[in-house]
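For reference, the structure discussed in these notes is given below.
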Amino acid sequence: MKKNGTSMDLTGIKKYWHDLRKEPRSFFSRQIGGGSVMVWTAFGFNGQMGLAFLNGRQNSSKYIETLENHFMPFAENIGGRHWEYQHDNAPTHTSSARKNDLNSKTVTVLEWPPMNPDLNTIENMWGFMSWKVYENGGQFYSVNALKVHATTWNQRYYKP
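Residue numbering for the sequence shown is 31 to 190, as defined by the working numbering.
Structure, rendered in structure tokens:
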């Protein structure tokens, strides 16, 4: 089972996946800022949970709270009966508090090879989502409008 989060802001795309066989796309952005949202999700063999919009930056305790509130209730539904958890080596994911929390819940965590971003399959989903949300140079004038657009995209392309 995979999980990850990404940050999206009102001014447009920050990164995108590029097929090297095609011409690169150009994206434009405003320089006025305005807000951003942290988006988190997880997916597994049986589907994907909905998007979770998180407040502020994640630290170890917030990440444990995110897993408890947004992931654990859906883990068996999306990952099957004998699911295993995978995340990257971000400091919030590798903290001793997070390890102790998942160990206490008897969650099996897959080892993450160091310096190996190619195995981070959810990055492909974030890239596709960003590409569609900011399609045609799309920009948003409120955080709520960005959340609505991301949620609409998620419901269209990913079925729980």
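Cβ coordinates follow ideal geometry from the N, Cα and C atoms, glycine included.
Worksheet item: Which runs of the alpha helix (DSSP H) fall wholly inside the segment 116-169 and span at least 4 residues, in chain order?
Response: 121-124, 126-134, 152-163
Discussion item. Just verifying my parser: in three-state terms, what is the DSSP assignment at residue 172?
Written reply: coil
Worksheet item: Could you check where the beta strand (DSSP E) with residue 80 kicks off and where it finishes?
Response: Here residue 80 belongs to no beta strand (DSSP E), and DSSP marks it neither H nor E.
Worksheet item: If you draw a straight line from the alpha carbon of residue 68 to that of residue 51, how long is it in whole angstroms?
Response: 31 Å
Discussion item. Let's test the definition: count the other Cβ atoms within 10 Å of the Cβ of residue 184 and tell me whether it reaches 16, buried, or not, exposed.
Written reply: buried
Practice prompt. Please go through the same chain and pick out, in chain order, the residues whose beta-carbon is closer than 6 Å to the beta-carbon of residue 114, but skip the five residues on each side of it.
Written response: 138, 140
Practice prompt. Might you give, ordered along the chain, the residues of its own chain that have their beta carbon closer than 6 Å to the beta carbon of residue 32, omitting 5 neighbours on each side?
Written response: Annotation note: pLDDT 44 at residue 32 (below 50); position unreliable, coordinate value reported separately. Cβ within range, chain order: 73, 116, 151, 152.
Discussion item. If you reduce the DSSP assignment to three classes, tell me which class residue 109 lands in.
Written reply: helix
Fill in: Same chain only: Cβ atoms within 7 Å of residue 107, ignoring 5 sequence neighbours per side
76
Practice prompt. Could you pull the start and end residues of the alpha helix (DSSP H) that residue 92 belongs to?
Written response: 90-96
Worksheet item: My guess is that residue 65 and residue 173 are in contact by the Cβ rule of under 8 Å, so how many angstroms apart are they, rounded?
Response: 4 Å
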